[in-house]
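Residue numbering for the sequence shown follows the working numbering, starting at 124 and increasing by one per position.
Glycine residues also receive a C-beta, built at the ideal position from the N, C-alpha and C atoms.
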Amino acid sequence: MSWTLKRKAQALLAAEEGAVRKDWGGKVSFALVYPNTYAVGMSNLGFQTIYRHLNAIPDVVCERVFLPDPGDVDELRRTGTQPFSLESQRPLTDFHMVGFSVTYEGDYVNVLRLLGLAGIPLRTAARRPHDPLVLMGGVCAFSNPEPLAPFMDFIVVGEGEELVVELLAAYRDAYRDREEFLGALTAVPGVYVPERYEVSYAVDGTIADVKALGGAPAVVAKRRLRAVDAFETIATVKTPRAEYGHMALLEVGKGCGRGCRFCLEGQVYRPVRHRSLDALRATVAALARQGETRVGLVGACVSDYPWIGELLRAVEDAGMELSVSSLRADSLTADLVGALARGGHRTLTVAPEAGTERLRRTIRKAITDAQLLEACDLVRASGIPNLKCYFMLGQPTEEAEDVEAIPRLAERMLARLRVLDPSGRPFGRLTLSISSFVPKPWTPFQWAPFDGAESLAAKLETVKRGVRSFASVRVLHENPREAALQALLARGDRRVADFLELAAGHDGDWRRALREWDGNPAHYTTRARTTDERLPWDHFDVGVRKPGLLREWERALADAPALAEAP
Ligand code: SF4
């Protein structure tokens, strides 16, 4: 055991409030692993919620494990230390179960790095009777877990709040050996046991068939949490070292009814379930009693929460400040923006996603330019100095003029913000945050090809060039090559597991792994898929019907030329 790392873990614990310490005697032990750093993991509400629910079960002990900071990996290796839990500093192999909470494809390789550092065989086929059971949950587990499937004993498909409780009870009551237990799990709705599915491929590299073995269901249906009020989703453990450690995060509900054609969250968390105003008021009052001073509202579309005005008043009446990550420009109100300004917000964020109204209609995020300019009015009038706008490049049907329109729109927004400044002071700053479109499973755009890193880089350059002469505009963007990696992992099948294994073997150096991998990334990313192709995620049912997605995809394509000709 490295004493340096042990002291570091103890310092993290000492800075926390709300961590759970339980005696291990006679309990089922569960390592809840976030495959990224402590600061990132501790800001994830889903991770915190599961931690609380598992520890609420009397005969379960759940402890947290995170990816070591980059400099600490060498220290682990040098001292022969395994990744260990924060609470009792026990190695991963001491636990009965090791559960990964995976919310971002970029963390896939970290899952394998952690297993490797722990000495747990990566592939399920190589695991021994004494190895812990390895599982995953989180949104990646039900969008498309296939690239990680060969490494998981089982996968929790859906919203896991109720399901994990059932799984641990099943383990406590019935576990005798691994094979028998995994066999029994195939009968539990919402549990996917990858080794019980055989995938075959056609000569052109597409998936020919997925055969369920040994009585496993042909299609694994997602579990959905029906009673959202029954599970309060707030951070249990407070720490100043989390990315959002300065505020209490509060989920207002699950799902979004807007149906933007690119958006995974808008599809897979359906139907929309809002937490009741009474339940949220009770939580707000409890947070105030605990001495919290700032509340961050979280949800797919917070400004669509039906009782947002009442909730804002409840937060303000409790003497707390309010924070929201991103808002729909077409549902902004003076009340909401005013409350955010009083809460000390220095930046308001909206997501137009595209430069033209034509493309916004095609992606079904039909915010008009006028609504964006009105949002500028509200922001400026409220005294919030900065505005941030999310745009996405490379969306289906995008033309050069859609890209060129982004700087022009930025110029109009900037002008509007300045006009409203009564003192003539320059407006704070307009930030354009540019990401790359990755066609996600379960969305109408799942059949669209990824644009490609070179094309995206050229479009990004167009935007940057277009705003270069504007003072007070800055452009933030991700690397299009990282978006290409995300596309590979989001759309990959089980063969992509070989690439992940290579990347883990090179300490996460995925560029080197891509060079060495004998697979073809373009098969998964830039290749257009026909609508009759069997997709890697077709043996799941997340509650989104394929005919509906197909209709939306065809509408998007059919609308595009006509809309392009509109004035
Ligand atoms: S992009 Fe926002 S508004 Fe659109 S479906 Fe997704 S969460 Fe809802």
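query: Hey, would you say the C-beta of K150 is under 7 Å away from at least one heavy atom of the ligand SF4?; result: no
query: Please tell me whether L240 and Q205 are closer than 8 Å, where the distance is taken between their beta carbons.; result: yes
query: Does at least one heavy atom of the ligand SF4 sit under 7 Å from the Cβ of E708?; result: The shown model of the chain, from 124 to 690, leaves out residue 708, and the question about it has no answer.
query: DSSP state of N233, grouped into three classes?; result: helix
query: Within 10 angstroms of the Cβ of D197, are there 16 or more other Cβ atoms? Answer buried if so, exposed if not.; result: exposed
query: Would you list, in sequence order, the uninterrupted beta strand (DSSP E) runs of no fewer than 3 residues that lie entirely inside the stretch 156-215?; result: 183-189
query: Helix, strand or coil: which one does DSSP assign to S389?; result: Inspection of the sequence shows that residue 389 is occupied by Gly rather than by Ser. Helix at G389.
query: So G260 and R347 are in contact, right, with Cβ under 8 Å, and what is the actual spacing, rounded?; result: Not quite, the Cβ-Cβ distance comes to about 14 Å (not below 8 Å), so this is no contact.
query: How about the stretch 441-461 and the stretch 493-500: do they share at least three Cβ pairs that are nearer than 8 Å?; result: yes
query: Considering only residues of the same chain and omitting the five flanking positions on each side of H674, which have a CB-CB separation below 7 Å?; result: The sequence shown places Arg at residue 674, rather than the His named in the question. So the list is empty, once near-sequence residues are dropped.
query: DSSP has H600 in a bridge; who is on the other side?; result: I557
query: Opposite R417 in the DSSP bridges: which residues?; result: E444
query: C499: beta carbon under 7 Å from a heavy atom of the ligand SF4?; result: no
query: Measuring only the C-alpha atoms, how far is V590 from E284?; result: 46 Å
query: Looking only at C-alpha atoms, which of V287, D276, R481 sits nearest to Y174?; result: V287
query: Start and end of the beta strand (DSSP E) containing A474?; result: 470-476
query: For E524, does the count of other Cβ atoms within 10 angstroms reach 16, so buried, or fall short, so exposed?; result: exposed
query: Counting only the same chain and skipping the five closest in sequence on each side, list residues whose C-beta sits under 7 Å from that of Q390.; result: W565, T566, V667
query: Does the count of Cβ pairs from the stretch 580-596 and the stretch 624-633 closer than 8 Å reach three?; result: no
query: Exposed or buried, what is L336 when buried is set at 16 or more other beta-carbons lying within 10 Å of its beta-carbon?; result: exposed
query: State buried or exposed for A248, treating a residue as buried only when at least 16 other CB atoms are found within 10 Å of its CB.; result: exposed
query: Alpha carbon to alpha carbon, what distance is there between A365 and E704?; result: Since the first residue shown for the chain is 124 and the last is 690, residue 704 is missing from the structure and cannot be characterised.
query: Please list, in chain order, all residues of the same chain as T649 whose beta carbon is under 7 Å from its beta carbon, the five residues on each side excluded.; result: P572, F573, G575
query: Within the present structure, is the beta-carbon of R381 separated from the nearest heavy atom of the ligand ZN by less than 7 Å?; result: The model depicted lacks the ligand ZN and carries the ligand SF4 instead.
query: Check F218 in the structure and name its three-state DSSP category.; result: coil
query: Take the Cβ of R483 as the centre, count every other Cβ of all protein chains shown within 10 Å, and call the residue buried at 16 or more, exposed below.; result: buried
query: Alpha carbon to alpha carbon, how far is V526 from Y227?; result: 27 Å
query: DSSP three-state label for G281, please.; result: strand
query: With a cut-off of 8 Å on the beta carbons, I'd call P644 and L611 a contact; round off their distance for me.; result: 5 Å
query: Going by C-alpha distance, which of S595, A607, A462 is nearest L579?; result: A607
query: Along the chain, where does the beta strand (DSSP E) that runs through G260 open and close?; result: 256-260
query: Given this structure, state the Cα-to-Cα distance separating N178 from V143, to the nearest angstrom.; result: 7 Å
query: Would you check if the stretch 327-341 and the stretch 183-190 touch, i.e. whether three or more CB-CB distances between them fall below 8 Å?; result: no
query: Please determine, among A358, R393, E186, P429, the residue with the shortest C-alpha to C-alpha distance to V151.; result: E186
query: Following the continuous beta strand (DSSP E) through V333, name the residue where it begins and the one where it ends.; result: 330-335
query: Give the range of the alpha helix (DSSP H) segment to which S595 is assigned.; result: From DSSP, S595 is part of no alpha helix (DSSP H); its letter is neither H nor E.
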